[in-house]
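A.B. asks: Here the working numbering is used: position 214 in the sequence shown is 506, and no number is missing along the way. Pasting a structure here, questions to come.
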Amino acid sequence: MSLIPRTLAPTPVASLQEHLDLGGGRGLEVARRSDPARVIAMIEESGLRARGGAGALCGEKWRRVRAYGRGAVVRSSVIVNAAEGEPGSFKDRAILWRNPYRVLEGALIAATVVGAEDVVVATKRMHTVVNRRTNTAIEELRAAGWLEGIDVEIFEGPNEYLYGEETAMLEAIDGRPPFPRIVPPHRHGIHEVASRSCAVDEVDDVGASTVYVELAGPGSGSIGAPTLVNNVETLANVPAIVVEGPQWFRSVGTDESPGSLVCTVTGATRHHGVGEVPMGTPLSHVIESIGGGPAEGRSIKAVMGGAATPLLTADQLDTPVSNEGMARVGARLGCGGFIVFDDHDDMAAVAEGVARFLSVESCGLCVPCKEDGLALTELFGRIRRSQADDRDLAAIRDHLRTIDDGARCGLAAQYRLVLQSILDKFGAELAAHVDGTVPAASPVLVATIVDINGSRATLDESHRQKQPDWTFEARWSGKFPPERQPAAVSS
Ligand SMILES: Cc1cc2nc3c(=O)[nH]c(=O)nc-3n(C[C@H](O)[C@H](O)[C@H](O)COP(=O)(O)O)c2cc1C
Ligand code: SF4
């Protein structure tokens, strides 16, 4: 199966001139001289779905931002979400590294049609190499006159996982620690909600979880326009849709998930890497074509889509990589980062690694998310060390039942999705640790990818030392991140 280079350039595009020579720039030209409503309709007709993890329809969000933003005193902004903190994902940095001009062009098209006055590329301080490249590209666009009327800047935010969550990102851009807000950004943007309590007042119906809150209608009296937050890959798809049209975009992929997907494959495969495939490609083909399949003599046991979705087992490897394909087997597409485990991997250790990553990165604004998460880390750790008993397994089930009650953001549900699937699918393996028939296993690090150099990914080893208060002190202070001074939040 061949890879298709639609949004991930096959080789790095060296300059703005090379981008233009390859046909770049035409999308922005078309958008600038077209009726914005027509451009939004094209994005809607293309069926482009969010590539940052949620899979929502992109055009619908653009239409909402444009409609709510009209007449606002403070104009809208477009935020390019380049945080890429999901374990197992490296595609956004690969896309930006290979062709930052295409992403910036997509963001400028979005800004043009939703009526935004600025674009912020929200990246992380740790992405030093990609940040330099993006900065150079922005300066080239400025020199070429592309930025008249819409400014573009880069914001290098903290390394915290939560910073990638869109409302936490707006908090960080506004100079505060990355703690999620309740109201989604396409309702209220940066420079607008000064405190979380004022956001709460504008929510129609909080319900069981604020993640699924219904949006308030337009005309709430706000002076600020909503903000459009889109993932790097989502925006990288935009210029070609505008130039080639929605039907061209739909010529690969499936009806419900049109286009291509840039996937990252790491873990127990021959090599690690990033590649672009048509939506709907079987997962086994993705693992084979990007990762080279399992190592000699090994077999794949499970595949995990970041620390965010239920795991797939060996008998589910023919699952199509698409939103609906994953949904049919009870999983989610996420951001297309697949971490592969083989018959040598210990699933209790994987569960502990996921629980540790999420519980350290949880901010603790919702107490169950932090406290139950830390308890789950301890419980899965006992299982991994073969020191647990049946009461520990029962306690795990209890914690998972309530961990995302009233959660402010999507992180809390991730524990349940991932860990419940390990309990359901690898229960016998966990039970073997509990009854002592298998010995203690080594811990598994679940952390953000720092780089894919050559054919191996390097993970963020420093996460082993990160404490639940987001410091790297020798001991945990016992506090949650919001109880500390904002200045102390790690960077
Ligand atoms: C805990 C958490 C972390 C997230 N991290 C990222 C991230 O690193 N990059 C990203 O694009 N989206 C991330 N998201 C999703 C964003 O909140 C948001 O859905 C996305 O930026 C919207 O862009 P899209 O519609 O183009 O996908 C995260 C969500 C959660 C709950
Ligand atoms: S769900 Fe977890 S990470 Fe999200 S706001 Fe609540 S405590 Fe913080």
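Even for Gly, the Cβ is constructed at its ideal location relative to N, Cα and C.
Applying the 10 Å Cβ sphere with the 16-neighbour rule, what's the burial state of Val659?
C.D. replies: Val659 is exposed by the Cβ-count criterion.
A.B. asks: Counting Cβ pairs closer than 8 Å, one from the stretch 586-604 and one from the stretch 637-656, do we hit at least three?
C.D. replies: Touching, yes, given that three or more Cβ pairs across the two stretches are closer than 8 Å.
A.B. asks: Any chance the CB of Asn523 is under 7 Å from a heavy atom of ligand 1?
C.D. replies: Answer for Asn523: yes, Cβ within range of ligand 1.
A.B. asks: Beta-carbon within less than 7 Å of Asn615's beta-carbon, same chain only, minus the 5 sequence neighbours each way: which residues are those?
C.D. replies: So the qualifying residues of the chain are Arg341, Gly347, Glu548, Ser549, Leu625.
A.B. asks: Below 8 Å between beta carbons: does that hold for Gly629 and Thr556?
C.D. replies: A contact, by the Cβ cut-off of 8 Å.
A.B. asks: Taking C-alpha atoms, which residue in Asn745, Ile688, Ile695 lies nearest to Gly719?
C.D. replies: Nearest option by C-alpha distance: Ile688.
A.B. asks: In the DSSP assignment, what residue or residues form a beta bridge with Gly545?
C.D. replies: Gly545 pairs with Pro550.
A.B. asks: Can you give me the C-alpha to C-alpha distance between Val405 and Val613, rounded to a whole angstrom?
C.D. replies: The straight-line gap from Cα to Cα measures roughly 31 Å.
A.B. asks: List the residues that DSSP assigns as beta-bridge partners of Asp410.
C.D. replies: Asp410 is bridged to Ser369, Asp443.
A.B. asks: Who pairs with Asp743 in a beta bridge, going by DSSP?
C.D. replies: Note: Asp743 sits in a beta bridge opposite Thr750.
A.B. asks: Just checking, does the stretch 520-535 make contact with the stretch 421-429 on the three C-beta pairs under 8 Å criterion?
C.D. replies: With a cut-off of 8 Å, the stretch 421-429 and the stretch 520-535 do not count as touching, because too few Cβ pairs lie within range.
A.B. asks: For Ser543, is the classification buried or exposed, using 16 other Cβ atoms within 10 angstroms of its Cβ as the cut-off for buried?
C.D. replies: With fewer than 16 other Cβ atoms within 10 Å, it is exposed.
A.B. asks: Just verifying my parser: in three-state terms, what is the DSSP assignment at Cys350?
C.D. replies: The answer is helix: DSSP assigns Cys350 an H, G or I state.
A.B. asks: So the candidates are Val632, Ala749, Glu445, Ile332; which of them puts its Cα closest to the Cα of Val372?
C.D. replies: The option with the nearest alpha carbon to Val372 is Glu445.
A.B. asks: Taking a contact to mean a Cβ-Cβ separation below 8 Å, would you say Ala403 touches Ile442 in this structure?
C.D. replies: Yes, these two residues count as a Cβ contact at 8 Å.
A.B. asks: May I ask whether a heavy atom of ligand 2 can be found less than 7 Å away from the beta carbon of Gly656?
C.D. replies: Yes; taking the cut-off as 7 Å, the Cβ of Gly656 has a heavy atom of ligand 2 nearer than that.
A.B. asks: From Ser747, Asp752, Val322, Gly559, pick the residue whose C-alpha is nearest to that of Pro531; which is it?
C.D. replies: When only C-alpha atoms are compared, the closest one is Val322.
A.B. asks: Going by DSSP, what residues sit across from Thr556 in a beta bridge?
C.D. replies: Val566, Gly629.
A.B. asks: Can you grab the Cα-Cα spacing for the pair Arg767 / Gln759, in whole Å?
C.D. replies: Those two C-alpha atoms are separated by around 7 Å.
A.B. asks: Any chance the stretch 302-322 sits against the stretch 425-433, with 3 or more Cβ pairs inside 8 Å?
C.D. replies: The stretch 302-322, when compared against the stretch 425-433, does touch it at the 8 Å Cβ threshold.
A.B. asks: What I want to know is whether the C-beta of Pro805 ends up closer than 7 Å to one or more non-hydrogen atoms of ligand 2.
C.D. replies: Because the chain spans 293 through 783 in this model, residue 805 falls outside it and cannot be assessed.
A.B. asks: For the beta strand (DSSP E) containing Ala594, list its first residue and its last residue.
C.D. replies: Run containing Ala594: 592-597, per the beta strand (DSSP E) assignment.
A.B. asks: Note down the Cα distance separating Ala779 from Gln679, rounded to an integer number of angstroms.
C.D. replies: Its pLDDT being 47, under 50, Ala779 is placed unreliably in this model, and the value from its coordinates should be taken loosely. The alpha-carbon atoms of Ala779 and Gln679 are separated by roughly 40 Å.
A.B. asks: For Arg425, does the three-state DSSP call read helix, strand or coil?
C.D. replies: Three-state result, Arg425: helix.
A.B. asks: Would you say Pro297 and Glu568 are within 8 Å of each other, going by their C-beta atoms?
C.D. replies: The answer is yes: Cβ separation under 8 Å.
A.B. asks: Report the three-state DSSP secondary structure of Arg708 (helix, strand or coil).
C.D. replies: Three-state DSSP puts Arg708 in a helix.
A.B. asks: So for Lys771, helix, strand or coil by DSSP?
C.D. replies: Of the three classes helix, strand and coil, the one that applies to Lys771 here is coil, per DSSP.
A.B. asks: So, is Val485 buried or exposed, given that buried needs 16 or more other C-beta atoms within 10 angstroms?
C.D. replies: Legend: pLDDT at Val485 = 38, less than 50; position of this residue unreliable, value from coordinates given subsequently. So Val485 ends up on the buried side.
A.B. asks: Looking at ligand 3, does it come within less than 7 Å of Thr526, judged from the CB to the closest heavy atom?
C.D. replies: With respect to ligand 3, the structure shown offers nothing to examine, as its ligands consist of ligand 1 and ligand 2.
A.B. asks: What three-state label does DSSP hand Asn522 in the structure shown?
C.D. replies: If DSSP states are grouped into helix, strand and coil, Asn522 belongs with the strands.
A.B. asks: Taking 7 Å as the cut-off, is the beta-carbon of Arg468 closer than that to any non-hydrogen atom of ligand 2?
C.D. replies: Arg468 Cβ: outside cutoff for every heavy atom of ligand 2.
A.B. asks: What first and last residue would you give for the alpha helix (DSSP H) that runs through Pro660?
C.D. replies: Run containing Pro660: 659-676, per the alpha helix (DSSP H) assignment.
A.B. asks: For Thr299 and Glu588, I'd like the C-alpha separation in whole angstroms.
C.D. replies: For Thr299 and Glu588, the distance between alpha carbons rounds to 32 Å.
A.B. asks: Please tell me whether, using a cut-off of 7 Å, the distance from the CB of Cys350 to the nearest non-hydrogen atom of ligand 1 is below it.
C.D. replies: Because some heavy atom of ligand 1 lies under 7 Å away, the Cβ of Cys350 counts as near it: yes.
A.B. asks: Using alpha carbons as the reference points, say which of Ala301, Asp384, Trp438, Leu462 lies closest to Arg390.
C.D. replies: The residue with the shortest Cα to Cα distance from Arg390 is Ala301.
A.B. asks: Counting only runs that start and end within the stretch 318-351, where is the alpha helix (DSSP H) found for 4 or more residues in a row?
C.D. replies: Within the stretch 318-351, the complete alpha helix (DSSP H) runs of at least 4 residues are 318-325, 328-338.
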